[in-house]
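Here the structure comes first, spelled out in structure tokens, and everything after it is commentary.
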Amino acid sequence: MEPILKVENLVKRYAKRSFVGTPQDFLALDGVSFTVSAGATLAIVGESGSGKSTLASCIACLETLTAGSLWFEGRNLAQFPESELRKIRPQIQLIFSDPANSLSPRWTVLEIVVEPLFLQRKLGRKERSTRAFSLLERVGLSADIAKRPASELSGGQRQRLAIARALTLDPKILILDEALSALDCSVQAQIANLLLELQSSLGMTLLFITHDLTMAAHLSDEIAVMSRGRIVEHGPTAKILRNPGHDATRQLLAAVPQLPSAPWPAAQQ
Amino acid sequence: MASVLEIQNLQVSYRSREVRSRPVLSGVSFDLMPGEILGVLGESGSGKSTLAASVLRLLPANGQIDGGAAIFEGKDLLQANSEELRQVRGGRIALIFQEPSLALHPTIRVGEQVRRVLSAHQSSVKNDLNERTQEVFTQLFSQETDRIMRSYPHQLSGGQRQRALIAQAIACNPTIVIADEPTAALDPVTQMEILGVFRSLRVKLGLAMVFITHNPALLSGFADRVLILYAGQVVEWGPAEAVLRSPRHPYTKALFESLPNISRENKKSRKNMLPVIAGNSLPASLPRRGCSFEPRCTVRMDICREYEPPLVKLGETHIVSCFKYKE
Numbered sequence: 000m001e002p003i004l005k006v007e008n009l010v011k012r013y014a015k016r017s018f019v020g021t022p023q024d025f026l027a028l029d030g031v032s033f034t035v036s037a038g039a040t041l042a043i044v045g046e047s048g049s050g051k052s053t054l055a056s057c058i059a060c061l062e063t064l065t066a067g068s069l070w071f072e073g074r075n076l077a078q079f080p081e082s083e084l085r086k087i088r089p090q091i092q093l094i095f096s097d098p099a100n101s102l103s104p105r106w107t108v109l110e111i112v113v114e115p116l117f118l119q120r121k122l123g124r125k126e127r128s129t130r131a132f133s134l135l136e137r138v139g140l141s142a143d144i145a146k147r148p149a150s151e152l153s154g155g156q157r158q159r160l161a162i163a164r165a166l167t168l169d170p171k172i173l174i175l176d177e178a179l180s181a182l183d184c185s186v187q188a189q190i191a192n193l194l195l196e197l198q199s200s201l202g203m204t205l206l207f208i209t210h211d212l213t214m215a216a217h218l219s220d221e222i223a224v225m226s227r228g229r230i231v232e233h234g235p236t237a238k239i240l241r242n243p244g245h246d247a248t249r250q251l252l253a254a255v256p257q258l259p260s261a262p263w264p265a266a267q268q
Numbered sequence: 000m001a002s003v004l005e006i007q008n009l010q011v012s013y014r015s016r017e018v019r020s021r022p023v024l025s026g027v028s029f030d031l032m033p034g035e036i037l038g039v040l041g042e043s044g045s046g047k048s049t050l051a052a053s054v055l056r057l058l059p060a061n062g063q064i065d066g067g068a069a070i071f072e073g074k075d076l077l078q079a080n081s082e083e084l085r086q087v088r089g090g091r092i093a094l095i096f097q098e099p100s101l102a103l104h105p106t107i108r109v110g111e112q113v114r115r116v117l118s119a120h121q122s123s124v125k126n127d128l129n130e131r132t133q134e135v136f137t138q139l140f141s142q143e144t145d146r147i148m149r150s151y152p153h154q155l156s157g158g159q160r161q162r163a164l165i166a167q168a169i170a171c172n173p174t175i176v177i178a179d180e181p182t183a184a185l186d187p188v189t190q191m192e193i194l195g196v197f198r199s200l201r202v203k204l205g206l207a208m209v210f211i212t213h214n215p216a217l218l219s220g221f222a223d224r225v226l227i228l229y230a231g232q233v234v235e236w237g238p239a240e241a242v243l244r245s246p247r248h249p250y251t252k253a254l255f256e257s258l259p260n261i262s263r264e265n266k267k268s269r270k271n272m273l274p275v276i277a278g279n280s281l282p283a284s285l286p287r288r289g290c291s292f293e294p295r296c297t298v299r300m301d302i303c304r305e306y307e308p309p310l311v312k313l314g315e316t317h318i319v320s321c322f323k324y325k326e
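So the protein sequences, as listed, match chains G and V.
Positions 0 to 268 (numbering that gives the first Met the number 0) are the ones given, in order, by the first sequence.
Positions 0 to 326 (numbering that gives the first Met the number 0) are the ones given, in order, by the second sequence.
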């Protein structure tokens, strides 16, 4: 079966304009390739600056590619004009680490979830409201916070809201860019469970971008390790954890903080 | 051996429009020994940041200290006058926050920022200041010290900015450093580096530290004792190894169980639901009396709803605030 997403030799270069001296281009992605099967979870891990977030933006079609191909359901998005991309974007949704920047603090929870439905212009007013409430319930937000402004929500509630909004568009792929990192540990567990539950009931594909190897290992089927704009290792999660093949992977594993009762498998040897 | 800081029954609340005043810390007591690293573990709403701010009386305008004492070098900081406080803040007790970009001035080179801190607290003889600044930076940056000192914050990486902040904090050789989530904004590799910096400063300078975090794993192999805050109260406090390996309080246990645990997982259990703590600790959900954790506790008893749990001693140095452990 064809993978839902296939990235081929993706290159992203940022041009740096300068009035003085020679402008230095920054190569954020240096030929990235991988595939993801529908309904699977791929974790993309790597140190700061390895290009993970740039990769997320490129796959979500929020950045144009400098070179390479981006196959989504067999079509190369890298060659799509903006008018076509506009129709594809709802199917690949991106959730950020701090939705405070993308959720207007003065809008109410309900308004935020209804907005994408309104813009899609497919449902009438009453239907939009019904769908919105059902999505809120789906992500574990109680109906009584629907009229509250987003600024009054806790971190965990904001992320649930961001997920609800993403779900209004029936996405096939959900990209989570450090979406759990800013949350308390006990809240991370709740959102992780929500993601697993949504994946199992809606068959969504998840791209989980994070520094947190523990959570990445828990949620993913496969892990891709990035370093300096390239994927240096990619394989089934258990295999990568037990037998890391690259220094970057080993460095990340060595830096994982762990409770005394829960040593990594490697430490038990 | 006498403690270097003693917090006694600290009570802090915030005034707001809706409720007259909301208690954020309800009777927090603990002490800090010289050269100790105390890990304060708490999630959002536990009062951990308020604790850090209260010790040096740096609460926002709507915060008020309702009671308690913070004994440092024989004086109660909560009763000290502004001149005494000015000498203690930065000079004897330093604070490090989570976001270095907020605490570092964007248009002053970092070397100069540290120099100014020194100048505010110590001798203002130019050569002394320069020498001391150089000394401090060499401790934190073994390579490229001069280049770092001449840099502006935006020219440094996240880890370097955090080291610059630490330089600012230790410049005056304080007795205590209180760090509120100092590594939260950093990636794990840099995080480990910064923890190593703190460890070596403890050894070199005999620094005592209060390290506030929401991530229990960070404290393993780092903190000497660990204190767990929940809804403004101390629920457990004891030697790090004991608390992290075998937590006693139901909240601590439930918190640790909700962390993904790779060693327990084999191929079959990966991508399984994590055991979560039902409910939340938002102020609206806290009970009006009895134990604050009771509504979410899986081993609650009738008495937990009626009365506040006592502090029970388990062994010499481990205390738990829970009726389960009371004879």
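For each residue, glycine too, the CB sits at the ideal point set by N, CA and C.
(message) Restricting to Cα atoms, I'd like to know which of V/Gly278, V/Asp186 and V/Cys171 is closest to V/Ala253.
(response) The sequence position of residue 253 of chain V within the second sequence is 254, counting from 1. Nearest C-alpha to V/Ala253: V/Gly278.
(message) I need the DSSP call for V/Ser320, collapsed to helix, strand or coil.
(response) Position 321 of the second sequence, counting from 1, holds the residue named residue 320 of chain V. In the structure shown, V/Ser320 falls within a strand segment according to DSSP collapsed to helix, strand and coil.
(request) Please list, in chain order, all residues of the same chain as V/Phe322 whose beta carbon is under 7 Å from its beta carbon, the five residues on each side excluded. (result) Start at 1 with the first residue of the second sequence, and residue 322 of chain V comes out as number 323. Closer than 7 Å at the Cβ level, and outside the excluded window around V/Phe322, lie Met300, Ile302, Cys303 and Pro308.
(message) Out of V/Asp145, V/Gln112 and V/Phe29, which one is the CA nearest neighbour of V/Gly67?
(response) Here the question's residue 67 of chain V lines up with position 68 in the second sequence. The option with the nearest alpha carbon to V/Gly67 is V/Phe29.
(message) Please tell me whether G/Gly154 and G/Val186 are closer than 8 Å, where the distance is taken between their beta carbons.
(response) On the first sequence, position 155 is the one that residue 154 of chain G refers to. On the first sequence, position 187 is the one that residue 186 of chain G refers to. For G/Gly154 and G/Val186, yes; Cβs fall inside 8 Å.
(request) Using the Cα positions of G/Asn100 and G/Ile94, report the straight-line distance between them to the nearest angstrom. (result) Stepping through the first sequence from its first residue, residue 100 of chain G is reached at position 101. Stepping through the first sequence from its first residue, residue 94 of chain G is reached at position 95. Just so you know, the alpha carbons of G/Asn100 and G/Ile94 end up roughly 11 Å apart.
(request) Could you spell out the range, first to last residue, of the beta strand (DSSP E) harbouring V/Leu65? (result) The residue you call residue 65 of chain V lines up with position 66 of the second sequence. In the sequence under discussion, the amino acid at residue 65 of chain V is Asp, which differs from the Leu named in the question. V/Asp65 -> beta strand (DSSP E) spans Gly62 to Phe71.
(request) Using 10 angstroms around the beta-carbon of V/Ile107, count the other beta-carbons present and answer buried if the total reaches 16, otherwise exposed. (result) On the second sequence, position 108 is the one that residue 107 of chain V refers to. Counting Cβ neighbours within 10 Å, V/Ile107 comes out exposed, since fewer than 16 surround it.
(request) Would you please verify whether the beta carbon of G/Gly154 is less than 8 Å from any beta carbon of chain V? (result) Counting from one through the first sequence, the residue named residue 154 of chain G turns up at place 155. For G/Gly154, at least one C-beta of chain V is nearer than 8 Å to its own C-beta.
(message) Tell me the rounded alpha-carbon separation between G/Gln267 and G/Ala77.
(response) Taking the first residue of the first sequence as 1, we reach residue 267 of chain G at position 268. Taking the first residue of the first sequence as 1, we reach residue 77 of chain G at position 78. Model confidence at G/Gln267 stands at a pLDDT of 35, short of 50, so the residue's coordinates are unreliable and nothing is read from them.
(message) Since G/Val10 and G/Asp29 should fall inside the 8 Å C-beta cutoff, what is the C-beta to C-beta distance between them, to a whole number of angstroms?
(response) In the first sequence, counting from the first residue as 1, residue 10 of chain G sits at position 11. In the first sequence, counting from the first residue as 1, residue 29 of chain G sits at position 30. Beta-carbon to beta-carbon, G/Val10 and G/Asp29 are separated by about 7 Å, close enough to satisfy the 8 Å threshold.
(request) Using the Cα positions of V/Phe210 and V/Arg149, report the straight-line distance between them to the nearest angstrom. (result) The count along the second sequence starts at 1 and reaches residue 210 of chain V at position 211. The count along the second sequence starts at 1 and reaches residue 149 of chain V at position 150. Straight-line spacing of the CA atoms in V/Phe210 and V/Arg149 works out to 29 Å.
(message) Can you pull out the residues from the stretch 171-194 of chain G whose beta carbon lies closer than 7 Å to at least one beta carbon of chain V?
(response) Hits within the stretch, in order: Asp183, Cys184, Ser185, Ala188, Gln189, Ala191 and Asn192.
(message) Under DSSP, the alpha helix (DSSP H) around G/Ala216 begins and ends at which residues?
(response) Within the first sequence, residue 216 of chain G is the residue found at index 217, counting from 1. Its alpha helix (DSSP H) spans residues Leu212 to Leu218.
(message) Distance check for V/Ala178 and V/Arg287, CA to CA, integer angstroms please.
(response) Against the second sequence, residue 287 of chain V aligns to sequence position 288. Against the second sequence, residue 178 of chain V aligns to sequence position 179. Approximately 32 Å between the Cα atoms of the pair.
(message) When you compare the CB of V/Leu273 with every CB in chain G, is at least one pair closer than 8 Å?
(response) As a working note, residue 273 of chain V is residue 274 in the second sequence. Any Cβ of chain G closer than 8 Å to the Cβ of V/Leu273 would place that residue at the interface, and such an atom is present.
(request) With distances taken Cα to Cα, identify the nearest neighbour of V/Thr316 among V/Ser199, V/Gly89 and V/Glu235. (result) Reading the second sequence from its first residue, position 317 is the one you call residue 316 of chain V. Closest by alpha carbon: V/Glu235.
(request) Pick helix, strand or coil for G/Arg137, following the three-state DSSP scheme. (result) Start at 1 with the first residue of the first sequence, and residue 137 of chain G comes out as number 138. The answer is helix: DSSP assigns G/Arg137 an H, G or I state.
(message) Give me the subset of the stretch 90-116 of chain V whose CB atoms are less than 8 Å from a CB atom of chain G, sorted by chain position.
(response) The stretch 90-116 of chain V vs chain G, Cβ under 8 Å: nothing.
(message) Taking beta-carbon pairs under 7 Å, can you tell me which members of the stretch 208-221 of chain V lie near chain G?
(response) Flagged, chain order: His213, Asn214, Pro215, Ala216, Leu217 and Ser219.
(message) Short of 8 Å Cβ to Cβ, which residues in the stretch 221-235 of chain G face chain V?
(response) Using a CB distance below 8 Å, no part of the stretch 221-235 of chain G faces chain V.
(request) Using only alpha-carbon positions, find the residue among G/Gln257, G/Leu206, G/Ser226 and G/Asp183 that is nearest to V/Glu42. (result) Translated into positions along the second sequence, residue 42 of chain V becomes position 43. Ranking the options by Cα distance to V/Glu42, first place goes to G/Asp183.
(request) Assuming G/Leu173 and G/Ala165 form a contact by the criterion Cβ under 8 Å, report the distance between their Cβ atoms to the nearest whole angstrom. (result) Sequence index remark: in the first sequence, residue 173 of chain G carries index 174 (1-based). Sequence index remark: in the first sequence, residue 165 of chain G carries index 166 (1-based). Beta-carbon to beta-carbon, G/Leu173 and G/Ala165 are separated by about 6 Å, close enough to satisfy the 8 Å threshold.
(message) DSSP has G/Thr40 in a bridge; who is on the other side?
(response) The residue labelled residue 40 of chain G in the question sits at position 41 within the first sequence. Answer by DSSP bridge pairing, in chain order: G/Leu205.
(request) Tell me whether V/Val116 sits in a helix, a strand or coil according to DSSP, three-state version. (result) Locating residue 116 of chain V in the second sequence gives position 117, where the first residue counts as 1. Here V/Val116 carries a helix assignment [DSSP, helix/strand/coil].
(request) State the DSSP-derived secondary structure class of G/Asn8, mapped to helix, strand or coil. (result) For the purposes of this step, residue 8 of chain G is taken as the residue at position 9 of the first sequence. When secondary structure is reduced to three states using DSSP, G/Asn8 falls in the strand class.
(request) Verify the CB distance criterion: does G/Pro256 have a CB-CB separation below 8 Å to chain V? (result) The count along the first sequence starts at 1 and reaches residue 256 of chain G at position 257. At a cut-off of 8 Å, the C-beta of G/Pro256 has a neighbouring C-beta in chain V.
(request) Sort G/Gly48, G/Leu26, G/Val31 and G/Ala188 by Cα distance to G/His217 and report the nearest one. (result) Residue 217 of chain G sits at position 218 when you count from the first residue of the first sequence. Minimum Cα distance to G/His217 is reached at G/Ala188.
(message) Just verifying my parser: in three-state terms, what is the DSSP assignment at V/Pro99?
(response) As a working note, residue 99 of chain V is residue 100 in the second sequence. Correct three-state label for V/Pro99: helix.
(request) Spell out whether any CB of chain V is found under 8 Å from the CB atom of G/Gln268. (result) For the purposes of this step, residue 268 of chain G is identified with residue 269 of the first sequence, where counting begins at 1. A caution first: G/Gln268 carries a pLDDT of 33, below 50, which makes its placement in the model unreliable, though a value can still be read off. No, G/Gln268 lies away from the interface with chain V (no Cβ there is under 8 Å from its Cβ).
(message) Taking 6 Å as the limit between beta carbons, can you name the residues of its chain near V/Ile318, skipping five residues before and five after?
(response) Taking the second sequence and counting its residues from 1, the one referred to as residue 318 of chain V is at position 319. Only Trp236, Leu310 and Lys312 meet the Cβ criterion.
(message) Distance check for V/Gly89 and V/Ala207, CA to CA, integer angstroms please.
(response) One-based indexing of the second sequence puts residue 207 of chain V at position 208. One-based indexing of the second sequence puts residue 89 of chain V at position 90. Distance between the alpha carbons of V/Ala207 and V/Gly89 is about 14 Å.
(request) With DSSP collapsed to three states, give me the class of V/Val275. (result) As a position in the second sequence, residue 275 of chain V is number 276, starting the count at 1. Of the three classes helix, strand and coil, the one that applies to V/Val275 here is coil, per DSSP.
(message) Which residues in chain G have a C-beta closer than 7 Å to the C-beta of V/Phe255? List them in chain order.
(response) One-based indexing of the second sequence puts residue 255 of chain V at position 256. Leu258, listed in chain order.
(message) In whole angstroms, give me the CA-to-CA distance for G/Thr40 and V/Ser257.
(response) Within the first sequence, numbered from 1, the residue matching residue 40 of chain G stands at position 41. Within the second sequence, numbered from 1, the residue matching residue 257 of chain V stands at position 258. CA-to-CA, the gap between G/Thr40 and V/Ser257 works out to about 20 Å.
(request) Answer yes or no: does any C-beta atom of chain G fall closer than 8 Å to that of V/Ser2? (result) Sequence index remark: in the second sequence, residue 2 of chain V carries index 3 (1-based). No, its Cβ sits nowhere closer than 8 Å to a Cβ of chain G.
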